[in-house]
Each structure stands twice: as structure tokens, then as C-alpha cells.
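Working notes, structure below.
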Amino acid sequence: MARRKIVAGNWKMNMTPSEAVKLCADLKELVKSDEVDVVYCVPAIDIVPVVEAVKGTNVEVGAENMYFEEKGAYTGEISASMLKDAGVKYVIIGHSERRDYFKEDDVLLNRKVKKAIEAGLTPILCCGETLEQREMGVTMDWIRLQIKSDLDGVTADQVKSMVIAYEPIWAIGTGKTATTEQAEEVCRGIRQCIAEVYDDATAEAVRIQYGGSVNAGNAAELFAQPDIDGGLVGGASLKAEFGKIVNYNK
Ligand code: PGA
0 MARRKIVAGN WKMNMTPSEA VKLCADLKEL VKSDEVDVVY CVPAIDIVPV VEAVKGTNVE
60 VGAENMYFEE KGAYTGEISA SMLKDAGVKY VIIGHSERRD YFKEDDVLLN RKVKKAIEAG
120 LTPILCCGET LEQREMGVTM DWIRLQIKSD LDGVTADQVK SMVIAYEPIW AIGTGKTATT
180 EQAEEVCRGI RQCIAEVYDD ATAEAVRIQY GGSVNAGNAA ELFAQPDIDG GLVGGASLKA
240 EFGKIVNYNK
């Protein structure tokens with residue numbers, strides 16, 4: 000069965016609650032699609048108003064982060080069950096900005112992945128190499144390490160419904176997209192890694208996005224690759240251009 004494409008916006012630390020509601024209204028008609036799953040991953044404070052603003056549309060809401068504990072004395076954190084109760088469907092886990100600026104490591108991210116799944120959320124698990132790693136020729140070794148560590152103890156059936164986002168760090172917010180060949184090569188490598196750790200059926204089912212300077216001009220070619228099942232979009236998700244990315248094949 001063909002995998003359904005998924006295009007997710009990663010708003011990062013942009014949009015106040017009132018700006019968020021306006022953006023939802025501005026994008027509403029532009030992001031309509033019967034073929035592609037559309038997700039807005041939004042700052043925690045925007046979740047409640049955005050869930051309300053996209054009611055009755057084809058858009059699902061995602062969070063950009065969560066904590067793995069159920070509840071308790073973790074000042075400033077948000078749990079998976081809080082997200083679930085607020086109407087969130089997806090949660091980005093392990094974005095390179097969280098790994099880098101907030102020192103999130105694979106042991107922590109593995110706990111987050113497992114907790115998200117347990118709470119009924121779909122993780123969008125991010126992985127990706129630095130420019131130095133690419134130049135050293137260790138890209139795939141690095142990404143296999145990330146995937147294997149972050150999915151430790153996650154079952155095949157759970158992986159099947161997950162999303163993995165390949166985001167080369169050097170392509171994020173830089174306007175420097177990976178070439179279609181580079182993006183496809185790593186997404187194929189991730190699928191092979193899943194096939195080795197799990198089985199072919201799991202590898203065939205899991206959806207793998209590309210992220211890093213996706214825009215209206217490069218989305219169609221990237222998403223046409225056999226192992227790229229859509230995109231995780233930063234900068235261009237805050238503009239009307241996001242509608243063109245969702246409807247890349249029109
Ligand atoms: P970008 O960000 O599209 O602005 O490069 C992508 C991401 O970080 O998810």
C-alpha cells in the first residue's frame with residue numbers, strides 16, 4: 000500500500016496566540032488537500048487556540064516538544080497526556096535545535112518517544128547530521144545510531160505508525176536544501192535501517208519526511224522521491240507558501 004504523504008509545519012518559537020489564530024485563518028483554504036496529511040506543530044501556548052481554530056478543517060495539530068514523565072514536580076514542562084487531552088495528534092521529538100541548544104540526548108529522546116506513543120500521540124522523530132559529519136563521511140553511521148538509540152524498546156507495530164524526519168542540520172534555516180539525491184539517499188538509508196532492526200513490512204509502513212529549507216520551489220521534486228513521504232517545514236510554514244508545499248503536485 001502506498002504511504003500517504005505528510006507535510007508538517009514546524010512553527011518553532013514564532014507566532015503569539017493571536018497571530019497563530021490569524022495564520023490558521025489565512026492558510027485555511029490554501030492547505031486544503033484530500034491526498035496529504037497536514038499538520039501544524041506549534042508552540043505550547045498556541046496549542047489550545049490552534050486546536051480550536053482548525054476545527055472542522057483537514058489540519059491536525061502537533062506539539063514541538065514534551066516531557067516523558069506523567070506528572071509532578073517538573074516546573075515548566077508539559078506532559079504527553081496534557082497534549083493528548085488538548086487535542087494534539089503529533090509531537091516533534093529530537094529536533095536538532097533541542098538536541099543542540101537544550102542538550103537533549105538519545106537516552107532522553109528514547110524516553111520521550113516511548114511516552115508519546117503510550118499516550119496515543121504520533122512522534123515525529125528527527126535525525127540529521129552536521130556539515131562536519133557529512134564531510135567526514137559518517138552521515139549514515141550517525142543517523143543509524145540516532146534511530147537505533149531513539150527507537151530502543153519501541154515495537155514494530157509502534158514504528159509503523161510513526162513519522163521520522165531526516166533533517167540535515169546544515170540545511171535548516173540556511174536556504175541550503177540538500178540535493179534531491181542526498182535527501183533520498185539518507186531517507187532510503189533510514190528505511191533500510193528500520194528493515195534491519197525490525198522487518199520489511201515495518202520499513203515499508205513508516206513515513207519518512209525530509210526537512211531543511213523545503214519551499215514551494217523544491218517540494219515537488221523532493222516529495223516525488225520513492226523514500227520521501229513529505230516534509231517538515233520551518234520558515235515556509237509561516238507563510239501562504241505552505242499551501243503550495245502541501246499542494247506540491249497540483
Ligand atoms: P527550515 O526548518 O524549513 O526553516 O529549514 C526546518 C526545520 O527545522 O524543521
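Going by numbering that gives the first Met the number 0, the sequence shown opens with residue 0, and the numbers climb by one from there. Quick reminder that beta carbons are idealized off the backbone N, C-alpha and C, glycines included.
Contact between the stretch 134-144 and the stretch 88-96 (3+ Cβ pairs under 8 Å): As far as the Cβ criterion goes, the stretch 134-144 does not touch the stretch 88-96, which means the pair count is below three.
Nonlocal neighbours in the same chain, by C-beta distance under 7 Å from D105, ignoring five residues either side: Here the set comprises Q145, S148 and D149.
Boundaries (first-last residue) of the alpha helix (DSSP H) holding R97: Segment S95 to Y100, the alpha helix (DSSP H) holding R97.
Residues near D151 by beta carbon distance below 6 Å, same chain, minus five either side: Answer for D151: N109, listed in chain order.
Proximity below 9 Å, CB of M81 to CB of V112: A distance of 9 Å or more separates the beta carbons of M81 and V112.
Proximity of G210 and G233 at Cβ, strictly below 9 Å: Remark: C-beta atoms of G210 and G233 approach each other more closely than 9 Å.
Any non-hydrogen atom of the ligand PGA closer than 8 Å to N109 Cβ: No.
Backbone secondary structure at P122 - three-state DSSP: Residue state, collapsed to three classes: strand.
Straight-line gap, A79 to D198 (C-alpha atoms, nearest Å): Those two C-alpha atoms are separated by around 28 Å.
Neighbourhood of M14 by C-beta distance below 8 Å, restricted to the same chain and skipping five residues each side: The answer, listed in chain order, is L22, V41, P42, D45 and L237.
Candidates D25, K4 and F222, of which the one nearest T56 by Cα: Closest option to T56, Cα to Cα, is D25.
Continuous alpha helix (DSSP H) assignments of at least 4 residues falling wholly in the stretch 139-174: Those alpha helix (DSSP H) runs which fall completely within the stretch 139-174 and span 4+ residues are 155-159.
Any non-hydrogen atom of the ligand PGA closer than 8 Å to K173 Cβ: Before going on, a small fix: residue 173 reads as Thr here, not Lys. Closer than 8 Å to some heavy atom of the ligand PGA: that describes the Cβ of T173.
Alpha-carbon to alpha-carbon, Y247 and Y39: Separation of Y39 and Y247 (C-alpha to C-alpha, rounded to the nearest whole angstrom) is 17 Å.
Exposure of S17, with buried meaning 16 or more beta-carbon neighbours within 10 Å: Only exposed fits S17, as fewer than 16 other CB atoms lie within 10 angstroms of its CB.
Three-state secondary structure (DSSP) of N214: It is coil, neither helix nor strand.
Cβ-Cβ distance between V205 and I142 below 9 Å: Between V205 and I142, the C-beta spacing is not below 9 Å.
Distance between K11 and E128 (C-alpha atoms, nearest Å): Those two C-alpha atoms are separated by around 20 Å.
Rounded Cβ spacing between S212 and G174 (contact assumed at less than 8 Å): The beta carbons of S212 and G174 sit about 5 Å from each other, so the pair counts as a contact at 8 Å.
Heavy atom of the ligand PGA within 8 Å of A200 beta-carbon: No heavy atom of the ligand PGA is found nearer than 8 Å to the CB of A200.
Nearest residue (CA-CA) to T154, options I116, Q191, D226 and G61: Of I116, Q191, D226 and G61, the residue nearest in Cα terms is I116.
Residue(s) in a DSSP beta bridge with C40: Residue pairing by DSSP places C40 opposite N9 and G61 in a beta bridge.
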